[in-house]
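Q:
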Amino acid sequence: MEKTLNVQGMSCGHCKMSVENALNNLNGVSEAVVKLESGKVDVSFDESKVNVEAIKDAIEEQGYDVVA
Numbered sequence: 001m002e003k004t005l006n007v008q009g010m011s012c013g014h015c016k017m018s019v020e021n022a023l024n025n026l027n028g029v030s031e032a033v034v035k036l037e038s039g040k041v042d043v044s045f046d047e048s049k050v051n052v053e054a055i056k057d058a059i060e061e062q063g064y065d066v067v068a
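This is the structure we're talking about:
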């Protein structure tokens, strides 16, 4: 499954790496791509292993806000 999340607070390469690394370390996430310009994160994942809530939690643990 693929999902695009709107994330506030990401502004630099470090932000991008922090979020991508946190998501790629989740079991079930196959790819996470941060687009700083648009403030979006594209995530490809296996729904049987990880859910959107866990993905949002991982982003928020890095200090960024996921916007509905």
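In the UniProt record's numbering, the protein residues as written are 1 to 68. Each residue gets a CB set at the ideal place from its N, CA and C atoms; glycine is no exception. None of these values were measured; they are calculated from a predicted model.
Need the endpoints of the beta strand (DSSP E) that D42 sits in, please.
A: Residues K40 to F45.
Q: Compare the C-alpha of L23 against each of I59, K40 and K3 and name the closest.
A: Nearest option by C-alpha distance: I59.
Q: Taking the alpha-carbon of G9 as reference, which of S48, E37 and D46 has the nearest alpha-carbon?
A: The candidate whose alpha carbon is nearest that of G9 is E37.
Q: For V19 versus Y64, is the C-beta distance shorter than 9 Å?
A: Yes. Within cutoff.
Q: From the DSSP output, read off the bridge partner residues of N6.
A: K40 and V67.
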